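Below is one structure, written out as structure tokens; comments come after it.
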Amino acid sequence: MSDAPAGCRVYVWLRRGCGALAHPAAWGMAIFLLLLSRPGTSLFSWHPVFMSIAFCLCLTEAILIFAPEGSLFFCSHKVKVQLHWIAQVLGLLAATLGLVFIISSKNRSELPHFISWHSILGLLTILAIYGQVLCGLCLLFPQLLRISLVAQLWRTTPRNQHFNAITCQDKYHLSTR
Numbered sequence: 001m002s003d004a005p006a007g008c009r010v011y012v013w014l015r016r017g018c019g020a021l022a023h024p025a026a027w028g029m030a031i032f033l034l035l036l037s038r039p040g041t042s043l044f045s046w047h048p049v050f051m052s053i054a055f056c057l058c059l060t061e062a063i064l065i066f067a068p069e070g071s072l073f074f075c076s077h078k079v080k081v082q083l084h085w086i087a088q089v090l091g092l093l094a095a096t097l098g099l100v101f102i103i104s105s106k107n108r109s110e111l112p113h114f115i116s117w118h119s120i121l122g123l124l125t126i127l128a129i130y131g132q133v134l135c136g137l138c139l140l141f142p143q144l145l146r147i148s149l150v151a152q153l154w155r156t157t158p159r160n161q162h163f164n165a166i167t168c169q170d171k172y173h174l175s176t177r
């Protein structure tokens, strides 16, 4: 038997279980929304397709790459950073395509833009993602940008704050629909 208290062992197994369930949940949610939206039936139908690919799949997997219990990739940190960037860029492209499709659909229907909570929070979320990518570029290439303080600030901020902010924003965005 281990010397660790029983509560600690339960916590470890809960983290492992949640890490194992996170990937099928992300894929399942993306596939479910893809089937539910029936892509191709209208111009609007592509909006939920690309948004679910961006938020449920790409960005979630990008976060989980660095999770110790949830990563499917057993590789070096450098490779994980590259995989993270690939997932982030794909998520950014999918979210941008989702935005383009909804704007095109609204233009075609001659409806006003950004008047609901859903649309305003969606726009703010996409702007936040662009901001995160810009900050990530500063971390990836600090020598080119001559920024040394950014890397120090990133290392002093707990990782769970970034994850919690993104998760809460996604859940609130989905609930305002």
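Residues in the sequence shown are numbered from 1 upward in steps of one, following full-length UniProt numbering. Note that beta-carbon positions come from the ideal geometry of N, C-alpha and C, so glycine has one too. Note that the structure is a prediction, hence the values are computed from the model and not measured.
| Item | Value |
| --- | --- |
| Report the option in THR125, ASN107 and VAL89 whose CA atom is closest to the CA atom of LEU137. | VAL89 |
| Let me make sure I understand the geometry here. Which of ALA22, LEU99, ILE129 and HIS118 has the alpha-carbon closest to that of PRO68? | ALA22 |
| Kindly indicate the opening and closing residues of the alpha helix (DSSP H) around SER116. | Note, SER116: premise wrong, no alpha helix (DSSP H); not H, not E. |
| How about TRP46 and PHE114: do their beta carbons lie closer than 8 Å? | no |
| Let me know if ILE91 comes out buried or exposed under the rule of 16 or more other beta-carbons within 10 Å of its beta-carbon. | Inspection of the sequence shows that residue 91 is occupied by Gly rather than by Ile. Burial call: buried. |
| Tell me the DSSP secondary structure of LEU43 in three-state form. | coil |
| Any idea what DSSP makes of ILE65, helix, strand or coil? | coil |
| CA-CA distance, HIS77 and LEU83? | 10 Å |
| Pull up the distance between the alpha-carbon of ALA54 and that of GLU110, whole angstroms please. | 26 Å |
| Return the chain-ordered list of same chain residues with a C-beta closer than 8 Å to the C-beta of GLU61, the five sequence neighbours on each side being excluded. | HIS23, ALA26 and ALA87 |
| State yes or no: is the C-beta of LEU34 within less than 8 Å of the C-beta of SER52? | yes |
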